[in-house]
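Trainee:
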Amino acid sequence: EAGVAQSPRYKIIEKRQSVAFWCNPISGHATLYWYQQILGQGPKLLIQFQNNGVVDDSQLPKDRFSAERLKGVDSTLKIQPAKLEDSAVYLCASSPSGVTDTQYFGPGTRLTVL
Amino acid sequence: QKEVEQNSGPLSVPEGAIASLNCTYSDRGSQSFFWYRQYSGKSPELIMSIYSNGDKEDGRFTAQLNKASQYVSLLIRDSQPSDSATYLCAVNIRGFKTIFGAGTRLFVKA
Chain A
-4 EAGVAQSPRY KIIEKRQSVA FWCNPISGHA TLYWYQQILG QGPKLLIQFQ NNGVVDDSQL
56 PKDRFSAERL KGVDSTLKIQ PAKLEDSAVY LCASSPSGVT DTQYFGPGTR LTVL
Chain B
843 QKEVEQNSGP LSVPEGAIAS LNCTYSDRGS QSFFWYRQYS GKSPELIMSI YSNGDKEDGR
903 FTAQLNKASQ YVSLLIRDSQ PSDSATYLCA VNIRGFKTIF GAGTRLFVKA
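Residue numbers (my numbering), protein chains in the order written: chain A, -4 to 109; chain B, 843 to 952.
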């Protein structure tokens, strides 16, 4: 079974530029999560999708971050414009049905904002 | 009070010893509890999940849950250098969302 795929693996941009990350969850997994993990901290949930609907985006900075999950499969997270404090690893995870399930994480995208 | 708290460590134990990792949570409605291991530069991977009070054992790992005291722990027996990693406690809040703790760094000295 293929795992969660993410791209790119690394990205370096300058502040005020835009960036997009892509995630393809495990086949058949209904729930998809985007996390931000700053060095030395635990993952912080940005947005959670159940199929193609948003369940929780309370911690998503909506003035600059956006996410979509078209057709309930893969997802894109965008930052526009980026700030220095957005430097982090962006993790995508998926679970079979709901939040009580085990989450399976992708390899992450390491973003550096200069 | 943070929703999920862990000692940041680092916790250092000699090879072969028992490592004890603790986690407390604030919401009594929490339903599911998870321990993830994260090696440096890698993504988290599940070690154990526990849903009811008591102990759950899987090989060298034992998860312990006490809902009355609102804590969950992870014991690693016969610790190996390969167990050196950050251990993340994750708590599902009322079936709605999962909150991760900041993690405890574990070093196992050979």
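Glycine included, C-beta positions come from ideal geometry on N, C-alpha and C.
Residues of chain A with CB closer than 8 Å to the CB of PHE903/B, please, in chain order.
Mentor: Here the question's residue 903/B lines up with position 61 in the second sequence. Within 8 Å Cβ-Cβ: nothing; PHE903/B doesn't reach chain A, min ~15 Å.
Trainee: Can you find a C-beta in chain B that's less than 7 Å from the C-beta of PRO20/A?
Mentor: Within the first sequence, the letter at position 25 stands for residue 20/A. With 7 Å as the cut-off, PRO20/A does not count as an interface residue toward chain B.
Trainee: DSSP state of GLU80/A, grouped into three classes?
Mentor: In the first sequence, counting from the first residue as 1, residue 80/A sits at position 85. Reduced to three states, the DSSP call for GLU80/A is helix.
Trainee: Using CA atoms only, rank isn't needed, just tell me which of SER885/B, ARG902/B, ASP920/B and PHE875/B is closest to ASN934/B.
Mentor: Here the question's residue 934/B lines up with position 92 in the second sequence. Of SER885/B, ARG902/B, ASP920/B and PHE875/B, the residue nearest in Cα terms is PHE875/B.
Trainee: Starting from ILE74/A, trace the beta strand (DSSP E) in both directions and tell me its first and last residue.
Mentor: Residue numbering aside, residue 74/A sits at position 79 when the first sequence is read from its first letter. Segment 70 to 74, the beta strand (DSSP E) holding ILE74/A.
Trainee: Please list the partners that ALA927/B has in chain A, where partner means a Cβ-to-Cβ separation under 7 Å.
Mentor: Here residue 927/B refers to the residue found at position 85 of the second sequence. Under the 7 Å cutoff, chain A gives no residues; its nearest Cβ is about 13 Å from ALA927/B.
Trainee: Identify the contact partners of THR107/A in chain B, using a Cβ-Cβ distance below 9 Å as the criterion.
Mentor: Here residue 107/A refers to the residue found at position 112 when the first sequence is read from its first residue. What THR107/A touches in chain B: nothing, since even the nearest Cβ is about 14 Å away.
Trainee: State buried or exposed for ARG879/B, treating a residue as buried only when at least 16 other CB atoms are found within 10 Å of its CB.
Mentor: What you label residue 879/B is simply residue 37 of the second sequence in a count that begins at 1. Under this definition ARG879/B is a buried residue.
Trainee: Roughly how many angstroms lie between the CA atoms of GLN31/A and LYS57/A, to the nearest whole one?
Mentor: Taking the first sequence and counting its residues from 1, the one referred to as residue 31/A is at position 36. Taking the first sequence and counting its residues from 1, the one referred to as residue 57/A is at position 62. Cα to Cα, the separation comes out at about 14 Å.
Trainee: What are the start and end residues of the beta strand (DSSP E) that includes PHE16/A?
Mentor: On the first sequence, residue 16/A is found 21 positions in, with the first residue counted as 1. Segment 14 to 19, the beta strand (DSSP E) holding PHE16/A.
Trainee: What is the DSSP secondary structure of PRO923/B, reduced to helix, strand or coil?
Mentor: Within the second sequence, numbered from 1, the residue matching residue 923/B stands at position 81. Here PRO923/B sits in helix by DSSP.
Trainee: Enumerate in chain order the residues of its own chain whose CB-to-CB distance from SER70/A is below 6 Å, with the five nearest sequence positions on each side excluded.
Mentor: Against the first sequence, residue 70/A aligns to sequence position 75. Taken in chain order, the residues that qualify are CYS18, LEU27 and ARG64.
Trainee: Residues of chain B with a CB under 7 Å from the CB of GLN36/A: which are they?
Mentor: What you label residue 36/A is simply residue 41 of the first sequence in a count that begins at 1. Neighbours of GLN36/A on chain B, chain order: ALA944.
Trainee: Report yes if the CB atom of TYR897/B is closer than 7 Å to the CB atom of GLN906/B, and no otherwise.
Mentor: Numbered from 1 along the second sequence, position 55 holds the residue referred to as residue 897/B. Numbered from 1 along the second sequence, position 64 holds the residue referred to as residue 906/B. Residue 897/B is actually Asp in this sequence, not Tyr. Contact flag set, yes.
Trainee: Considering only residues of the same chain and omitting the five flanking positions on each side of PRO856/B, which have a CB-CB separation below 7 Å?
Mentor: On the second sequence, position 14 is the one that residue 856/B refers to. Only LYS951 meet the Cβ criterion.
Trainee: What does DSSP give as the partner residues of GLN49/A in its beta bridges?
Mentor: Taking the first residue of the first sequence as 1, we reach residue 49/A at position 54. Residue identity differs from the one stated: residue 49/A is Val in this sequence, not Gln. PHE44/A, per the DSSP bridge assignment.
Trainee: Measure from the C-beta of THR97/A to each C-beta in chain B and report whether the shortest distance is under 7 Å.
Mentor: The residue given as residue 97/A occupies position 102 in the first sequence. Yes - at least one Cβ of chain B is within 7 Å of the one on THR97/A.
Trainee: Residues of chain B with CB under 7 Å from GLN45/A, in chain order?
Mentor: The sequence position of residue 45/A within the first sequence is 50, counting from 1. Here the premise fails: no neighbours, minimum Cβ distance about 11 Å.
Trainee: Could you give the DSSP three-state label for LEU109/A: helix, strand or coil?
Mentor: As a working mapping, residue 109/A is identified with position 114 in the first sequence. Reduced to three states, the DSSP call for LEU109/A is coil.
Trainee: Run the CB neighbour count on SER22/A, radius 10 Å, all protein chains shown included, and call it buried at 16 or more, exposed below.
Mentor: For this step, residue 22/A is matched to residue 27 along the first sequence. Under this definition SER22/A is an exposed residue.
Trainee: Output, in chain order, the set of chain B residues within a Cβ distance shorter than 8 Å of ASP131/A.
Mentor: Since the first and last residues shown for chain A are -4 and 109, residue 131/A lies out of range.
Trainee: Would a check of beta-carbon distances place SER885/B closer than 7 Å to chain A?
Mentor: The sequence position of residue 885/B within the second sequence is 43, counting from 1. For SER885/B, the answer is yes, since a Cβ of chain A falls inside 7 Å of its Cβ.
Trainee: For LEU65/A, which three-state DSSP category applies?
Mentor: As a working note, residue 65/A is residue 70 in the first sequence. LEU65/A falls in the helix class under three-state DSSP.
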